[in-house]
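Visitor:
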DNA sequence: AGCTCGATTCCCT
DNA sequence: GGGAATCGAGCTA
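Numbering (our numbering), first residue to last: 188 to 399.
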């Protein structure tokens with residue numbers, strides 16, 4: 188399969204736990220007004236629908252998470268911590284609300300554009316190391332929520348076959364920053380040894396205001 | 001109407 | 001390793 192073959196919607200029809208590791212090594216093309224930025228995915232997390240306590244879908248459909256409950260092959264973009272965005276790719280049947288969080292990758296095209304967006308990055312490997320950094324580097328915000336990933340060249344997003352990661356290089360572990368019962372599942376997937384993979388952090392409960 | 005805290009990053013010690 | 005920044009979804013009332 189040639190490197191630059193577009194991935195079609197049936198790729199996303201499968202269960203999210205199957206799609207997530209299969210995304211590693213694939214190329215996400217983000218077409219901006221300034222030109223294309225391409226990202227080789229190195230780290231993702233699966234969020235497994237309404238029964239997954241770690242998922243935004245856990246409490247059912249809301250205005251924010253509506254895209255997750257929509258058709259596969261679309262983006263779910265959400266705003267977090269008052270200043271960042273994160274990007275997911277929706278998987279599985281409509282209403283199953285499966286989504287893969289794109290956590291990190293290697294910028295392979297348009298690194299000048301990404302640098303401009305991420306001036307604090309000191310190394311190429313830091314441009315998209317972490318979900319909010321990835322979204323910033325690729326100029327992704329809430330206006331792209333619900334975008335079709337499989338609409339073809341020139342759309343805001345496209346996914347290319349790339350070079351899927353070898354199975355023996357894929358590692359799994361608990362999801363970063365997920366609390367409670369959602370933390371037990373090893374649904375984080377990354378390419379072992381890749382310098383763009385973000386460091387694992389366990390969930391840290393935020394301290395309450397000190398009561399004097 | 002008010003409150004808590006999050007699928008984080010950055011900067012400081 | 002810890003705290004600040006910053007806003008809004010979702011819960012409690």
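C-beta atoms are modelled at their ideal positions from N, C-alpha and C, and glycine is treated no differently.
1. In the segment 269 to 336, which residue ranges form an unbroken beta strand (DSSP E) of at least 3 residues, counting only runs that do not cross its ends?
2. Using the rule of at least 16 other Cβ atoms within 10 Å of the residue's Cβ for burial, across every protein chain shown, is residue 261 buried or exposed?
3. Is it buried or exposed, residue 270, if we count other Cβ atoms within 10 angstroms and call 16 or more buried?
4. Are the CB atoms of residue 231 and residue 376 within a distance shorter than 8 Å?
5. Check the C-beta distance from residue 297 over to residue 224 and give it rounded, since I have them as a contact under 8 Å.
6. Along the beta strand (DSSP E) that carries residue 233, what are the first and last residues, could you check?
7. Count the C-beta pairs between the segment 356 to 363 and the segment 213 to 229 that are closer than 8 Å, then say yes if the count reaches three, no if not.
8. Measure the alpha-carbon distance for residue 234 versus residue 244 and round it to whole angstroms.
9. Within 10 angstroms of its Cβ, does residue 203 collect 16 or more other Cβ (buried), or is it exposed?
10. Quick check on residue 398: buried or exposed, where buried means 16 or more other Cβ atoms within 10 Å of its Cβ?
11. Would residue 293 be called buried (16 or more neighbouring beta carbons within 10 Å of its own) or exposed?
12. Flag this pair as touching only if the segment 338 to 353 and the segment 207 to 214 have three or more C-beta atom pairs under 8 Å; answer yes or no.
13. Under the three-state reduction of DSSP, which class applies to residue 379: helix, strand or coil?
Guide: Reading from the atomic positions:
1. 271 to 278, 285 to 296
2. It counts as buried.
3. exposed
4. yes
5. 4 Å
6. 222 to 235
7. no
8. Taken atom to atom, the span from the alpha-carbon of residue 234 to that of residue 244 is near 9 Å.
9. buried
10. Because residue 398 carries a pLDDT of 41, less than 50, the predicted location of this residue cannot be relied on, and no value is offered for it.
11. buried
12. yes
13. Coil, per DSSP.
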